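Peer 1:
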Amino acid sequence: MVSRIRLCLAALALLLAGSACERTSAPEPSHKVLRILMTADSTGAWSEAFAAFEQENPGIQVDLIEGPASTNSSEDLYVTAFLSGAQVYDLVLADTVWIPKFAAAGWLEDLTDKWTPAEWGRFLPGALEGSKYRGRIYRVPTQMDGGMLYYRRDLLAQAGEMPPRTFDDLDRIARKLQQPPGLWGYVWQGKQYEGLVCNYLEVLRGYGGFWIDAETGDIGLAEPAARKALEFMAGAVGTISPPGVTTYSEEESRQLFQTGHAVFLRNWPYVYPMSQMPESPVRGQVGAVPMPAQPGGESSATLGGWGLGIAKNCPHKDAAWKLLQYFAQVPVAEKLYRKAGVNPTLESFYQKSSDPMVGELYQILRHTVPRPLVPQYAQASDILQRYLSAALTGQTSAEKALAGAARETRLLLRRNARPSP
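Counted the way the working numbering counts, the sequence shown spans residues 43 to 463.
1) Taking the continuous alpha helix (DSSP H) assigned at I215, which residues delimit it?
2) If you run the structure through DSSP and keep just helix, strand and coil, what is V324?
3) Between the Cα of R247 and those of W226, W157, G339, spot the shortest distance and give me the residue it belongs to.
4) Compare the C-alpha of R194 against each of A448, Q318, A82, S173 and name the closest.
5) Between which two residues does the alpha helix (DSSP H) harbouring F92 extend?
6) By the DSSP assignment, the beta strand (DSSP E) with P183 in it spans what residues?
7) With three or more C-beta pairs closer than 8 angstroms as the rule, is the region 381 to 388 touching the region 213 to 222?
8) P223 to V287, Cα distance in whole Å?
9) Would you call the region 436 to 449 in contact with the region 256 to 268, where contact means no fewer than 3 C-beta pairs closer than 8 angstroms?
10) Between T410 and L307, which are expected to be in contact by the criterion C-beta below 8 angstroms, what is the C-beta distance as a whole number of angstroms?
11) Once the 5 residues before and after F209 are set aside, which same chain residues still bring their CB inside 8 angstroms of it?
12) Kindly indicate the opening and closing residues of the alpha helix (DSSP H) around G168.
13) Would you kindly work out how many angstroms separate the C-alpha atoms of P206 and L212, rounded to a whole number?
14) Consult DSSP for W348 and reduce its assignment to one of helix, strand or coil.
15) What does the Cβ neighbour count give for S396, buried or exposed, with the cut at 16 atoms within 10 Å?
16) List the endpoints of the continuous beta strand (DSSP E) containing T81.
17) Using 10 angstroms around the beta-carbon of K394, count the other beta-carbons present and answer buried if the total reaches 16, otherwise exposed.
18) In the structure shown, what three-state DSSP assignment does N309 receive?
19) Work out the CA separation of T154 and R178 for me, nearest whole Å.
20) Can you have a look at H303 and say buried or exposed, based on whether 16 or more other CB atoms are within 10 angstroms of its CB?
21) Is there at least one Cβ from chain D nearer than 8 angstroms to D152's Cβ?
22) Identify whether E7 lies in helix, strand or coil by the three-state DSSP scheme.
23) In the DSSP output, which residue or residues are listed as bridge partners for L225?
24) I think G351 touches R181, with their Cβ atoms under 8 angstroms apart; what is that distance to the nearest whole Å?
25) With DSSP as the reference, please indicate the residues paired to G109 in a beta bridge.
26) Here's the rule: buried if 16 or more other CB atoms are within 10 angstroms of the residue's CB, otherwise exposed. What is L453?
27) In the structure shown, what three-state DSSP assignment does R195 receive?
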């Protein structure tokens with residue numbers, strides 16, 4: 043049976059009552075329905091995948107409930123449903139940063155023992171780490187992102203420059219090649235939102251620092267590396283980056299780069315296929331490399347991505363696990379990649395591909411690093427966003443901003459500390 047796509051953007055109370063997504067007739071006892079909340083399936087790729095799964099598994103139906111585009115809004119809908127105690131969603135398409143919160147609350151099924159370590163080892167290390175909480179696995183990763191540095195091949199070749207390996211290189215080459223305001227050296231995501239945290243973490247690791255150690259609770263924001271990283275970003279505003287970069291999210295920065303107005307761009311993998319569209323002014327002129335790192339630091343990509351988990355109160359766990367197994371197959375991942383641009387999490391997909399860009403992407407995704415796997419992540423991110431933005435917009439110094447962020451983060455973790463078992 044073809045997956046049924048329902049628009050359930052009305053109040054969650056209606057959903058809980060069953061009025062918005064209620065089936066016209068009760069399913070037969072042998073007929074199992076799995077409900078999952080996702081953003082709009084604009085390409086139809088997920089619907090096709092669910093339909094193919096249903097054909098292979100008669101008696102199991104997947105109901106795709108279309109939710110809001112905002113990740114935070116989708117998380118709120120899941121949280122409200124789970125807090126209510128009602129059995130609303132059977133599957134959870136979970137963002138990486140949701141896992142510690144959802145697992146700590148007991149809302150997700152522990153999947154660790156469903157496969158052997160060798161079977162779990164088919165996934166890229168970062169994707170698997172982003173599916174864990176306290177060493178246990180709570181989702182099957184289905185799509186993966188990592189921050190990367192795009193550059194104009196033609197402009198660097200004309201200047202006799204190689205892609206930057208350090209942030210000093212990035213600054214030097216950007217200053218050399220830029221001609222503002224028509225051509226800026228470096229664009230990125232400086233708006234006060236989660237994307238700013240992702241950008242900062244890559245620079246922070248590049249300078250040898252860290253934010254939160256999830257195992258020990260240590261905070262690294264008051265260390266010299268954290269200050270140097272933020273000073274690099276703040277120093278870029280208005281020099282190698284447009285003054286308005288502090289209002290940019292992914293799309294604003296992509297559009298500037300893709301229209302030929304920037305030499306370098308930090309963004310996610312989705313930018314490359316868009317830059318190669320027939321109407322793109324930079325088609326055939328874009329390359330990508332891992333983010334730079336200073337001596338003593340480490341090049342890294344902030345892990346982004348999603349995966350399928352099973353709700354703890356799902357009445358059809360065996361059927362749900364069949365669906366998760368289905369999406370852990372390379373042919374299924376390849377179809378989602380080709381039609382929806384979903385980057386697979388399976389290592390063999392990258393190892394077998396002959397596409398040069400897939401090879402470059404593989405080198406970047408192999409070095410992804412999850413954001414701190416703590417249940418209080420959302421609150422900690424809000425704190426860091428606020429102080430980073432204050433420094434980037436000149437309201438305070440990098441040192442004072444990070445001292446304030448470190449202080450508030452320590453209070454947050456101490457206030458919500460759980461006793462050791």
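Cβ coordinates follow ideal geometry from the N, Cα and C atoms, glycine included.
Everything numeric in this text was worked out from a predicted model, so none of it was measured.
Peer 2: On the basis of the coordinates in this document:
1) Taking the sequence shown and counting its residues from 1, one reaches residue 215 at position 173. I215 -> alpha helix (DSSP H) spans 209 to 219.
2) In the sequence shown, the residue the question calls residue 324 occupies position 282. If DSSP states are grouped into helix, strand and coil, V324 belongs with coil.
3) In the sequence shown, residue 247 corresponds to position 205, counting from 1. Closest option to R247, Cα to Cα, is G339.
4) Here residue 194 corresponds to residue number 152 of the sequence shown, with the count starting at 1. Cα-wise, what sits closest to R194 is Q318.
5) Sequence index remark: in the sequence shown, residue 92 carries index 50 (1-based). Note, F92: alpha helix (DSSP H), 87 to 98.
6) Taking the first residue of the sequence shown as position 1, residue 183 is located at position 141. Its beta strand (DSSP E) spans residues 182 to 188.
7) no
8) Counting from one through the sequence shown, the residue named residue 223 turns up at place 181. Counting from one through the sequence shown, the residue named residue 287 turns up at place 245. Distance between the alpha carbons of P223 and V287: 13 angstroms.
9) As far as the Cβ criterion goes, the region 436 to 449 touches the region 256 to 268, which means the pair count is three or higher.
10) Locating residue 410 in the sequence shown gives position 368, where the first residue counts as 1. Locating residue 307 in the sequence shown gives position 265, where the first residue counts as 1. Contact doesn't hold; Cβ gap of about 18 angstroms is too wide.
11) What you label residue 209 is simply residue 167 of the sequence shown in a count that begins at 1. So the qualifying residues of the chain are V245, G248, Y249, F274, P334, A335, Q336.
12) Numbered from 1 along the sequence shown, position 126 holds the residue referred to as residue 168. 167 to 171 is the extent of the alpha helix (DSSP H) around G168.
13) Translated into the one-based positions of the sequence shown, residue 206 becomes position 164. Translated into the one-based positions of the sequence shown, residue 212 becomes position 170. Roughly 5 angstroms between the two C-alpha positions.
14) For the purposes of this step, residue 348 is taken as the residue at position 306 of the sequence shown. Looking at W348 - three-state DSSP - the assignment turns out to be strand.
15) Reading the sequence shown from its first residue, position 354 is the one you call residue 396. By the 10 Å Cβ count, S396 comes out exposed.
16) Working through the sequence shown from its first residue, we reach residue 81 at position 39. Per DSSP, T81 belongs to the beta strand (DSSP E) from 74 to 81.
17) Position 352 of the sequence shown holds residue 394. K394 is exposed by the Cβ-count criterion.
18) Position 267 of the sequence shown holds residue 309. In this structure, N309 counts as strand in the three-state DSSP scheme.
19) Here the question's residue 178 lines up with position 136 in the sequence shown. Here the question's residue 154 lines up with position 112 in the sequence shown. Looking at the two C-alpha atoms, the distance is approximately 6 angstroms.
20) Against the sequence shown, residue 303 aligns to sequence position 261. Residue burial annotation: H303 is buried, with at least 16 other C-beta atoms found within 10 angstroms of its C-beta.
21) No chain D appears in this structure, which consists of one protein chain only.
22) The requested residue 7 is not part of the displayed model; the chain covers only 43 to 463.
23) Looking up residue 225 in the sequence shown gives position 183. Bridge partners of L225: Q221.
24) In the sequence shown, residue 351 corresponds to position 309, counting from 1. In the sequence shown, residue 181 corresponds to position 139, counting from 1. Contact holds; Cβ gap of about 4 angstroms.
25) Translated into positions along the sequence shown, residue 109 becomes position 67. BP columns for G109 point to T81.
26) Within the sequence shown, residue 453 is the residue found at index 411, counting from 1. By the 10 Å Cβ count, L453 comes out exposed.
27) For the purposes of this step, residue 195 is taken as residue 153 along the sequence shown, with counting starting at 1. If DSSP states are grouped into helix, strand and coil, R195 belongs with the helices.
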